[in-house]
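In the UniProt record's numbering, the protein residues as written are 1 to 71. Just so you know, even glycine gets a beta-carbon here, dropped at the ideal spot from N, CA and C. Remember, predicted model here, so these are calculated numbers, not experimental data. Below is one structure, written out as structure tokens; comments come after it.
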């Protein structure tokens, strides 16, 4: 599967799962339904209400979340 390369920056991450149970089963409950995501040097850090809630590599974030650049 070919993926585009995310540029470093800030994104609004939206879980692709349709409900909280599906997100939890995939390990994405901390991000569900949305969180702010900062991509830097190939790493994604997810933040909600000013607190870091989850992190992963940028390729995983790109494949598993809808990411919309916000800044």
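- Per the C-alpha coordinates, the member of 46, 64, 52 positioned closest to residue 15 is 64.
- Residue 31 and residue 13 have their alpha carbons spaced roughly 8 Å apart.
- In the DSSP assignment, residue 49 falls outside any alpha helix (DSSP H) and carries neither an H nor an E.
- In the three-state scheme derived from DSSP, where H, G and I count as helix and E and B as strand, residue 62 is classed as helix.
- Residue 69 and residue 36 have their C-alpha atoms roughly 10 Å apart.
- Burial check for residue 11: the Cβ neighbour count within 10 Å reaches 16 or more, so the residue is buried.
- Around residue 44, the same chain offers 37, 56, 58, 61 as residues with beta carbons nearer than 6 Å, after the five sequence neighbours per side are excluded.
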